[in-house]
Structures are given as structure tokens and as C-alpha cells.
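Some notes on the structure that comes next.
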Amino acid sequence: MNEFLLHIRIFDQRKMHHVWIRDVVLVRTFLEDISLSWDLPKTEFDHFFYHLENHRVLDPELSFGDNAVISGDHFILV
1 MNEFLLHIRI FDQRKMHHVW IRDVVLVRTF LEDISLSWDL PKTEFDHFFY HLENHRVLDP
61 ELSFGDNAVI SGDHFILV
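Oh and the sequence shown: position 74 is 74 in UniProt numbering, straight run, nothing missing.
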């Protein structure tokens, strides 16, 4: 099990969040957790992570490790 330092910006905000996450955590679970604790805009759609280095959306049913995330990666939370 590895830990990654991720840099996450919410799409409509300038502030960058820096979080440590274990590679075995499912993306869906992390999104559910932060939607309760971060001030996220309410939408009719599920939030998702856009991976800036790989130019793709993370699969929420996979872990961060299975999504090929590495420490230092940057994301936009949409």
C-alpha cells in the first residue's frame, strides 16, 4: 500500500487542495467523503476527477492505484 500526495482544484474555485490518499482507496468512496466535508456545488450529476497529466476522467469504480495515479498528480474536481 502506497500513499500519494494529490493536488485537487474544484472546478469553480481557485484554491488548490493538497491531500494524502492511499492507493487502495476507491475513487467513488473518496468522492463521497469529500462531498460531505468540502464546500462543493450541488449538481444533478455525480462529481468526478479529471486527471490533468493524463487528460482523462478517473474511473470511480477503481482505486486510485488502479487508475494509474501517482504522487504529485493534479486533478480538477468537476
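The beta-carbon is built from N, C-alpha and C at its ideal position, and this holds for glycine as well.
Taking the CB atoms as reference points, tell me whether residue i and residue j lie closer together than 8 Å.
i, j, result
"E75", "H55", "What sits at residue 75 in the sequence shown is Phe, not Glu. No, Cβ-Cβ distance for F75 and H55 is not below 8 Å."
"I8", "F64", "no"
"D66", "E53", "no"
"I10", "L40", "yes"
"F4", "V69", "yes"
Starting from the Cα of residue i, find the closest Cα among the options and give me that residue.
i, options, result
"V24", "R9, S71, F48 and M1", "M1"
"E61", "D73, E32, I70 and I10", "E32"
"F48", "V27, W38 and F64", "V27"
"S71", "H18, D12 and Q13", "H18"
Please classify residue i: does DSSP put it in a helix, a strand, or coil?
i, result
"L31", "helix"
"S71", "coil"
"L52", "coil"
"L40", "coil"
"H47", "coil"
"residue 79", "Outside the displayed range of the chain (1 to 78) lies residue 79, so it cannot be described from this structure."
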